[in-house]
Amino acid sequence: MRSVSVPEIFTGPRRKWWTLTAVAVGLFMIMLDNTVVNVALPSIQADLEIGLSELEWIVAGYALTFAALMLTGGKVADAYGRRLVFVVGIAVFTLASLFCGLADSGEMLIAARILQGVGAALMNPATLSIIAATFPPAQRGAAIGIWAGVSALALAIGPLVGGLIAEHLTWSWIFFVNVPVGIAGIAASFLLIDESKDETHERLDIPGLVTSGVGLFALTYALIEANSYGWTSARILGAFALAGIALLAFVLLERHQRAPMLPLDLFANRTYTGANVVILLVALAMFGVFFFVSLYMQNILGYSPVQAGAAFLPMTVLIILVAPIAGKTSDRVGSRWLMTTGMTLLAVQLLLFSRLGEDASYWELLPALMIGGIGMAMTMTPSAAAATRSVPIEKSGVGAAVLNAFRQVGGSLGIALMGAIMASELDGQRTPDAFLAGFEKALVVAAGIAFLGAAVSAVLVRSHHPSAPAVPTPADQPAA
729 MRSVSVPEIF TGPRRKWWTL TAVAVGLFMI MLDNTVVNVA LPSIQADLEI GLSELEWIVA
789 GYALTFAALM LTGGKVADAY GRRLVFVVGI AVFTLASLFC GLADSGEMLI AARILQGVGA
849 ALMNPATLSI IAATFPPAQR GAAIGIWAGV SALALAIGPL VGGLIAEHLT WSWIFFVNVP
909 VGIAGIAASF LLIDESKDET HERLDIPGLV TSGVGLFALT YALIEANSYG WTSARILGAF
969 ALAGIALLAF VLLERHQRAP MLPLDLFANR TYTGANVVIL LVALAMFGVF FFVSLYMQNI
1029 LGYSPVQAGA AFLPMTVLII LVAPIAGKTS DRVGSRWLMT TGMTLLAVQL LLFSRLGEDA
1089 SYWELLPALM IGGIGMAMTM TPSAAAATRS VPIEKSGVGA AVLNAFRQVG GSLGIALMGA
1149 IMASELDGQR TPDAFLAGFE KALVVAAGIA FLGAAVSAVL VRSHHPSAPA VPTPADQPAA
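Okay, so the sequence shown: first residue is 729 according to this note's numbering, each after it adds one.
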């Protein structure tokens, strides 16, 4: 029995599609926030008078919290009610967005972004659980395909939306626009989504959540703050040590937990391991690049926020166009060489970016952007397909969730790593020459990471028989 009466149009066979619409609105909002902020960073930096490390925390804080809590968020939704947790996630995300828009200091904005990550981590896995509980198997693949398409669209248009808002309103409105959308999403959830839960759920893996969260936070903190306190300072060495101990404890705990947050037995399959490592490495290489290329376009080349957002369009359009083709091709010929080629193309893109100077024209950026769009599509979609093909159907949900968590972890650490390289070259200077020196070194390191990803996919990912059924994957989306 539903808790509220609903109009006839929202009942019957069409109801599940209305449910998908409600879920898609919330999903679009949280995925948009992965990329919408990057183009507004120079405006935020100037308005709040903050440094590079604070800018990194604004982006990494959201991605890190999202990653650390994502796997647990799915189990919480199954245990306590999928609609309930989805609505709580929207409420937390909406409230945090309001705090972000009202922030008058870097510290307040970072804290609000971390709170946004908590809301996103509750919402994202709940969307998949709701789809699985609402749609019969024959229609579930189509529903998940729409889910993935919404995610890809939000990630792709984020830079342009961020640029338009930052230039014609203020950066605060990047966050304020989430408030009415979130309120409408809560109302639509109660109207259109039926409550469901898993009565056979197992207890939450609290030790795993704590140790992984502490380890990832300590590692990110050490990388971002190392240039402020010194790489050999007691604070930074202590943070690295804490990260190592916590992450080792996490692995040991997960090996002996009855219901682990991260099922390590999945990694007995070489292809699954390879796909996850490649996803981690592509996010590690590319998240930080998007961050600093946005700064380069505006601070060095003098682009407006709208111009910077629009500059990424060729890359994002190619991702959207090529990704479905890459997915179908991987079903026929396998993912191994598509992933290898894709990572190689991303490395080429990064090397081309590293050669850009203080007066580069857009025509010098365009080849790299187009190569990167093709490379990203050839990497992300076949990686997701390889991962889901290599796990049993009954574990496809957790398999995809792990893949998404690896992407978010790679993204947050990528911003921290590239930022550490940039800061070491800047050494407190704010000149174009200092920025370009750090920019070049960071991009060369990122290219090395991409080449490593190509090697990993060539060595670990195995060929598959085209007749083997592929499980529809919710992880089929471009990195932020």
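Ideal Cβ placement from N, Cα and C applies to all residues, glycine included.
L1171 is the residue among M1098, L1171 and V878 whose C-alpha sits nearest the C-alpha of L1079. Listed in chain order, the alpha helix (DSSP H) runs fully inside the stretch 1055 to 1127 are 1064 to 1082 and 1090 to 1117, counting runs of at least 4 residues. Using a Cβ distance threshold of 9 Å, G1142 and A1011 count as a contacting pair.
Counting of Cβ neighbours within 10 angstroms places R1135 among the buried residues, the total reaching 16 or more. Collapsing the DSSP output to three states places A831 in coil. For Q773, the uninterrupted alpha helix (DSSP H) run begins and ends at L769 to L776, by DSSP.
Contact annotation: H896 and V765 have beta-carbon atoms that are not nearer than 9 Å.
By the 16-neighbour rule on beta-carbons within 10 angstroms, R1117 is buried.
Restricting attention to I772, I1007, V753 and A1036, the CA atom closest to the CA of G817 is found in V753.
Membership of A987 in any alpha helix (DSSP H) is not indicated, and neither H nor E is assigned to it by DSSP. In the same chain as G789, and ignoring 5 residues on each side of it, the C-beta atoms closer than 6 Å to its own belong to I838, R841 and I842, in chain order. Shown here, L976 sits in a helix according to DSSP, grouped into three states. Look at the stretch 1136 to 1172 and you find no whole run of beta strand (DSSP E) that is 3 residues long or longer. Setting aside the 5 residues that flank it on each side, F903 is surrounded in the same chain by S825, C828 and G829, each with a C-beta closer than 6 Å to its C-beta; the list follows chain order. Burial check for D761: the Cβ neighbour count within 10 Å reaches 16 or more, so the residue is buried.
A residue is called buried once 16 or more other Cβ atoms fall within 10 Å of its Cβ, and K803 is buried on that count.
Distance check between A1165 and each of T1057, L992, H984 and Y1024 places Y1024 closest, using alpha-carbon atoms only. The closest CA to that of E1153, considering only L965, I921, A954 and G913, is found on A954. Taking a cut-off of 8 Å on C-beta distances, the stretch 910 to 921 does not touch the stretch 945 to 953, as fewer than three cross pairs fall below it. Every alpha helix (DSSP H) stretch that sits fully inside the stretch 779 to 864 and reaches 4 residues is listed by chain position as 780 to 808, 810 to 830 and 834 to 862. Three or more beta-carbon pairs drawn from the stretch 1105 to 1119 and the stretch 989 to 1009 are found closer than 8 Å, and the two stretches are therefore classed as touching. In the assembly as shown, V1187 is an exposed residue. Its beta-carbon has fewer than 16 other beta-carbons within 10 Å. Look at N997 here: in three-state DSSP terms it is coil, with no helix or strand label. When rounded, the separation of the alpha-carbon atoms in A987 and E1168 is 45 Å. Rounded to the nearest whole angstrom, the C-alpha separation of A750 and G913 is 7 Å. For F794 against A805, the beta-carbon gap comes to about 15 Å, at or over 8 Å, which does not count as contact.
Taking every protein chain shown into account, the CB of S961 has fewer than 16 other CB atoms within 10 angstroms, so this residue is exposed. Between A882 and I1047, the gap from beta carbon to beta carbon reaches 9 Å or more. Excluding five sequence positions before and after W899, the CB atoms of its chain that fall closer than 8 Å to its own CB belong to A768, S771, I772, D775 and I893, given in chain order.
Nearest neighbour of P1052 by Cα position, chosen from A1088, A1105, G834 and A1096, turns out to be A1105. In its chain, beyond the 5 residues on either side, V764 have a beta carbon closer than 6 Å to the beta carbon of V889. Apart from the 5 residues on each side of it in sequence, G886 sits with its Cβ closer than 6 Å to the Cβ of L760, T763 and V764 in its chain, given in chain order.
Restricting attention to A1096, M757 and I1177, the CA atom closest to the CA of I911 is found in M757.
The DSSP-derived three-state label of G958 is coil. Put simply, of P1095, G1062, L797 and M989 the residue whose alpha carbon is nearest the alpha carbon of P1110 is G1062. It is roughly 7 Å from the alpha-carbon of L990 to the alpha-carbon of V1130.
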